[in-house]
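Residue numbers (my numbering), protein chains in the order written: chain R, 1 to 127; chain G, 1 to 127; chain B, 1 to 127; chain S, 1 to 127. Glycine residues also receive a C-beta, built at the ideal position from the N, C-alpha and C atoms. Keep in mind that this is a model prediction, so the values were computed, not measured.
Number of protein chains: 4
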Amino acid sequence: MSTSDGDAACLLDVTALQAALARFAAERDWERFHSPKNLAMALAAEVGELLELFQWQTEAASSELARTPGSARAVRDELADVLLYLVRLADVLGVDLDEACRTKIAANARKYPVERARGRADKYDAI
Amino acid sequence: MSTSDGDAACLLDVTALQAALARFAAERDWERFHSPKNLAMALAAEVGELLELFQWQTEAASSELARTPGSARAVRDELADVLLYLVRLADVLGVDLDEACRTKIAANARKYPVERARGRADKYDAI
Amino acid sequence: MSTSDGDAACLLDVTALQAALARFAAERDWERFHSPKNLAMALAAEVGELLELFQWQTEAASSELARTPGSARAVRDELADVLLYLVRLADVLGVDLDEACRTKIAANARKYPVERARGRADKYDAI
Amino acid sequence: MSTSDGDAACLLDVTALQAALARFAAERDWERFHSPKNLAMALAAEVGELLELFQWQTEAASSELARTPGSARAVRDELADVLLYLVRLADVLGVDLDEACRTKIAANARKYPVERARGRADKYDAI
């Protein structure tokens, strides 16, 4: 049994985060805005803010962005914003993210066997 | 102490997932492609595939998409793809997602006090 | 001959805009930042800002956004930002947008024949 | 008078394209799906497909993508898809893209004076 086969019992646990976000929305009466369609758009908008941090950086410089004082906070904040909306979206859709990730990793392992995918961006492109 | 204040000890745990993804990339010699810049683009591309599922749906219909046989698998797969790239991106950047989320939720709680934000999309828009 | 068949001589003309943007970049010595990869990211980031304007709006309200004093300027600005990066990207890639659009519209006309596509979101979804 | 000042009479003309797209939608009874909210999502989804073409490419390789036989058609098609949705979105919103672009370029010229913005990614980042 191996995690890269997607057989692992549990790859992630976002239960507490989902509960915190559900309570946050309920307390503010924001549930009415939180349709999956709207949350998917909000998620995409946050990813846009994340891209903005990387867009003019070289690949090498992009590796240092979370360790550079001037940008570290912004990188952490944008990653968090994306994750918050993603976890909230999965909750209102009723999707178990742990199960979804295990299924997808197992599918990826079948799609990209180690011996054939090794070092090939072109194969990977086909994702 | 309250999770919505961001004081909770732990809101999420993606340790096992990060390890699985790191191993998946290492086994295939894909680490060279996994610069934060590239992963941010891949994340955004996956969000585009998620949006495609929702784009012509009404808000009401979007709520049923993960429970409808014809679309449930696609919704779960796209949510997983987004999460996989996000968690991998955080790993190569060296960002602790749990800490980042707690910081961001605490900031949101200060920015949107319950009594002033209640039911107001306009306030929320300002995120 | 019909524009919806993609046979029209010219569907759009962005020549003057491309020249203006090329000069704008050259004057500021920004050409070195304008790789297609970077411009594609900048384009996506701007689309994120556009989505932010629509994310909590109902579909009906979204139709009024460019006519509402409080949001009209923002909508126009974000549409322009997206177009500026798209036109600049096509220029550095050497792509003729008019030809590309005519080819794509002709392909869409073959893919979605009027009699079969009429009023069907599910067909359309398949784009 | 100078185009980079945004004073030019006309920077772009998408009239024929807008008419072609309006007719395409009308013929298929798709106007009911074309709310600005939906079209903004479709635009973002197409940008995701564009990003997918560039995500694992180096900046240098990205410059050749529209000239490489294996990828040229895909690049042209995705650029066209983005433009088609953008032009359609502007149409249903009632936004004059030429005017919007001239206004935005004039604002950018004020925001990034040549002498101060020259060669500085950090200034540019602030867009």
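In chain order, what residues of the same chain have a beta carbon less than 6 Å from the beta carbon of residue i, not counting five sequence neighbours either side?
i	result
L84/S	none
E31/S	A25
T3/S	Only weak support is given to the placement of T3/S: the predicted model assigns it a pLDDT of 41, under 50, and the question is left unresolved by the model.
Let me check understanding here. Comparing Cα to Cα, which of the options lies closest to residue i?
i	options	result
C10/G	D96/G, W56/G, E31/G, E52/G	D96/G
K129/S	A40/B, A26/B, Q57/B	The shown model of chain S, from 1 to 127, leaves out residue 129/S, and the question about it has no answer.
A109/B	Q55/S, E27/S, L79/S	E27/S
G119/R	L51/G, D29/G, A25/G, T68/G	D29/G
Y112/G	T68/R, K111/R, F24/R, E31/R	F24/R
Excluding the 5 residues preceding and the 5 following residue i in the sequence, name in chain order all residues of the same chain whose CB lies nearer than 7 Å to its CB.
i	result
I127/B	Caution is warranted here: a pLDDT of 37 is assigned to I127/B, below 50, making its placement in the model unreliable, and no coordinate value can be reported.
V14/B	V87, L97
L43/G	V82, Y85, L86, L89
D125/S	A caution first: D125/S carries a pLDDT of 48, below 50, which makes its placement in the model too unreliable to give a value.
Going by DSSP, what residue range makes up the alpha helix (DSSP H) through residue i?
i	result
P113/S	Careful: P113/S lies outside any alpha helix (DSSP H) and carries neither H nor E.
T58/S	Note, T58/S: premise wrong, no alpha helix (DSSP H); not H, not E.
F24/R	15-27
D96/B	It is not in any alpha helix (DSSP H) - D96/B carries neither H nor E in the DSSP assignment.
L43/R	36-54
What distance in whole Å lies between the Cβ atoms of residue j and residue i, which are believed to be in contact at a cut-off of 8 Å?
i	j	result
S35/B	E64/S	With a Cβ gap of about 11 Å, S35/B and E64/S do not count as contacting.
G70/S	A45/G	Going by Cβ atoms, the distance from G70/S to A45/G rounds to 18 Å, so no, they are not a contact pair.
W61/G	F33/R	It is worth fixing the name first, because residue 61/G is Ala in this sequence and not Trp. About 17 Å separates the two Cβ atoms, so there is no contact after all.
Output yes or no for whether 9 Å exceeds the beta carbon distance between residue i and residue j.
i	j	result
A100/R	D91/G	no
A40/R	L12/G	no
V142/G	L93/R	Given that chain G is displayed from residue 1 to residue 127, the structure contains no residue 142/G and the question cannot be resolved.
L79/S	L50/S	yes
Quick one: what's got a C-beta closer than 8 Å to residue i's C-beta in the same chain, skipping five residues either side?
i	result
L21/S	L84, V87, R88, D91
A72/G	L65, A66
Q18/R	V87, R88, A90, D91
T68/S	none
A16/B	none
Q55/R	none
Below 7 Å on C-beta distance, what does residue i contact in chain C?
i	result
D13/B	In the structure shown, chain C cannot be found, because the protein chains are R, G, B and S.
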